[in-house]
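Report on one structure; see the data block that follows.
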Amino acid sequence: MDTAVENVVTPAAPSKVANGTPSAITVEEFEDLASLSQDDEASVSITVVGASGDLAKKKIFPALFALYYEDCLPKHFSIFGYARSKMTDAELRDMVSRTLTCRIDKRENCSEKMEEFLKRCFYHSGQYDSEADFKELGKKIKQHEGPRVSNRLFYLSIPPNIFLDVVKCASRSASSENGWTRVIVEKPFGRDSESSAALTRGLKQYLVEDQIFRIDHYLGKELVENLSVLRFSNLVFEPLWSRQYIRNVQLIFSEDFGTEGRGGYFDSYGIIRDIMQNHLLQILALFAMETPISLEAEDIRNEKVKVLRSMKPLQLEDVVIGQYKSHTKGGITYPGYTDDKTVPKGSLAPTFAAAALFINNARWDGVPFLMKAGKALHTKQAEIRVQFRHVPGNLYKGAFGTDLDRATNELVIRVQPDEAIYLKINNKIPGLGMRLDRSNLNLHYAARYSKEIPDAYERLLLDAIEGERRLFIRSDELDAAWELFTPLLKELEQKRTAPELYPYGSRGPVGAHYLAAKYNVRWGDLSSED
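Heads up, the final residue of the sequence shown is numbered 530 in the UniProt record's numbering, and it's a clean run with no missing numbers.
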């Protein structure tokens, strides 16, 4: 796409006319007029490429409707579905309507809003590598834009092997001529450093970096976005955010279901590429970064890159991999990973991984950052756990016996489900004796806030429309992330390391406990209190 497409056409500064004589207006007056002009004249056309796929149906269209329902979309907008499937506008609208819901706290005029939204949805069938088909799509978009400034957003909800075909065709045949053109790219962004770099080079043949929005939906989750607020706007936390007070940090992701028919995709990537290298590593970078000089996207992303480049290379002895096996519980037999018909027999792809990572800088030197991600585990959750150091010379250590870990303060940020932030503190049990227990200072979002928490895709789509890049991944961030994990992934594959088997619905392989114990850590999510 043309490198100038980000430059929105703005009218020249007008003049006031008094007694037939033009006179200059102030800068403030001109900016007000310019913004009004752009609001009135600009249109936004959102094309969901791969519109018939699960991601589009379950996440993207519902997120766009939620934005429309909240009056967050521009006045002049249209949504286009593009895929190979033959479909009419009416059939697309029928498909989309089945997945739309209104906010729990705002149900008035719901059906009317849905009808209005669906009237703005259109469909165009075409091949992903056909410039002629994209040219026809461009004509259809132009009809709905009319004479307004044309802003176009393409969401690539398609397999990565056809990213470049679509970007090439869209750039040459369907990009904006007088506004901006942006492309949202879904993970995976390659399988390793080499393939990721090749994908970036391919995209940059047709786009500039500012047009590429690499989406990691975990960065749009409410509790992840709140990380910097929690740390940088609360004096009680920022002074403690270092090796001096923090003993370890745990980043935990677990699902209570297996691949369930998606084994073909998952087997080619595995849990490390699917979850650790992107979701968990991005959260780690946000958690550990230094204070940025501002909240501008580039300042925040600069600090994240510094963290990633400061990380110690991952060693195989600091990693445990596992794979779930069949298990019978309550009379129900749950299939193992290799029992999935879409998974190759004898596959060694890990469905669980735990790793100990370290950041070689003054703030975090020696602090283990423990990551754990797995499928078919005992619960579904994603959380960040910060375990603080023991109190030096604790006067009350006798009340906890020899297990000082029971007296350790812990900050837990539960990303999902049932979002919450809670701090575990030691407290005296009411009574005449001196008995202590651990209590939670608990911010439970559902209890504190009546407003429903927006889905991550809503926030990220709105940011892409507004040109806000703070929660999207820059190419050098991606390079640094792959540089950390690629040597490990190659070593696992070259050595054909066999994963430790664990029963479906269990707490994962025993090796993960030994890995934590190696650094004198206990997994916080497995304690009796949790």
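No residue lacks a Cβ here, since even glycine has one placed at the ideal position from N, Cα and C. Owing to the predicted nature of the structure, the values given are computational and were not obtained by experimental measurement.
Within 8 angstroms, strictly: CB atoms of residue i and residue j
i: Y82; j: G126; result: yes
i: R148; j: S45; result: no
i: C110; j: I79; result: no
i: F266; j: D256; result: no
i: L443; j: I425; result: no
i: F134; j: Y68; result: no
i: I318; j: A285; result: Looking at the sequence provided, one finds Asp at residue 318 rather than Ile. Not in contact: D318 and A285 (Cβ atoms no closer than 8 angstroms).
i: H124; j: L460; result: no
i: Y269; j: P188; result: yes
i: E209; j: S173; result: no
i: I246; j: A373; result: no
i: F287; j: I384; result: yes
i: V249; j: V367; result: yes
i: G511; j: H378; result: no
i: G50; j: S157; result: yes
i: G138; j: L164; result: no
Residue i classed as buried or exposed, judged by whether at least 16 other C-beta atoms fall within 10 angstroms
i: T333; result: exposed
i: I141; result: buried
i: V412; result: buried
i: E260; result: exposed
i: V521; result: buried
i: V415; result: buried
i: I429; result: exposed
i: S23; result: Model confidence at S23 stands at a pLDDT of 42, short of 50, so the residue's coordinates are unreliable and nothing is read from them.
i: T338; result: buried
i: K375; result: buried
i: K495; result: exposed
i: Y457; result: buried
i: V27; result: Residue placement at V27 cannot be trusted, given a pLDDT of 44 that sits under 50; what the coordinates show is reported in the next sentence. So V27 counts as exposed.
i: L280; result: buried
i: S450; result: exposed
i: Q205; result: exposed
i: K168; result: buried
Helix, strand or coil at residue i [DSSP, three-state]
i: residue 531; result: Since the first residue shown for the chain is 1 and the last is 530, residue 531 is missing from the structure and cannot be characterised.
i: S171; result: helix
i: A512; result: helix
i: Y449; result: coil
i: V208; result: coil
i: P160; result: helix
i: R98; result: coil
i: D39; result: Only weak support is given to the placement of D39: the predicted model assigns it a pLDDT of 48, under 50, and the value that follows is read from those uncertain coordinates. In this structure, D39 counts as helix in the three-state DSSP scheme.
i: residue 540; result: The structure shown does not extend to residue 540, since the chain is modelled only from 1 through 530, so no value can be given for it.
i: P503; result: strand
i: R414; result: strand
i: T72; result: Reading the sequence as shown, one finds Cys at residue 72 and not Thr. Coil at C72, not helix or strand.
i: S254; result: strand
i: Q277; result: helix
i: H124; result: strand
i: R182; result: strand
i: I429; result: coil
i: A132; result: helix
i: T259; result: coil
i: T47; result: strand
i: Y245; result: coil
i: V166; result: helix
CA nearest to the CA of residue i, picked from the options
i: N234; options: T291, L284, G264, K86; result: T291
i: T47; options: A464, D71, H327, P344; result: A464
i: L251; options: S439, M95, A353; result: A353
i: S52; options: I271, K204, R93, A132; result: R93
i: E452; options: A373, K221, M95, R389; result: K221
i: E298; options: K428, Y449, G467; result: G467
i: S475; options: M371, G393, Q211; result: Q211
i: Y514; options: C72, L484, I321, N427; result: I321
i: R469; options: K204, L199, R214; result: R214
i: L441; options: L471, N409, S450; result: N409
i: G146; options: V167, S176, W364; result: S176
i: N161; options: A198, H144, A456; result: A198
i: R350; options: I359, E419, G258, D525; result: According to the sequence provided, residue 350 is Pro. The question's Arg does not apply to it. Measuring from the Cα of P350, the nearest candidate turns out to be G258.
i: R98; options: A56, V236, K168; result: A56
i: P454; options: F369, E41, I60, V166; result: I60
i: S439; options: Y445, L423, Y449, S450; result: L423
i: K119; options: A90, C102, L137, L64; result: A90
i: V229; options: L295, N360, K86; result: L295
i: R389; options: Q244, F472, D418; result: Q244
Do the region 494-513 and the region 236-251 make contact, defined as three or more Cβ pairs closer than 8 angstroms? no
Decide if the region 312-319 is in contact with the region 469-488; the criterion is three or more beta carbon pairs, one per stretch, under 8 angstroms apart. yes
For the region 166-185 against the region 69-77, are there 3 or more C-beta pairs whose distance is under 8 angstroms? no
Is there contact between the region 478-485 and the region 185-197, where contact requires at least three CB pairs shorter than 8 angstroms? yes
I want to know whether the region 296-308 touches the region 217-225 - three or more CB-CB distances under 8 angstroms. no
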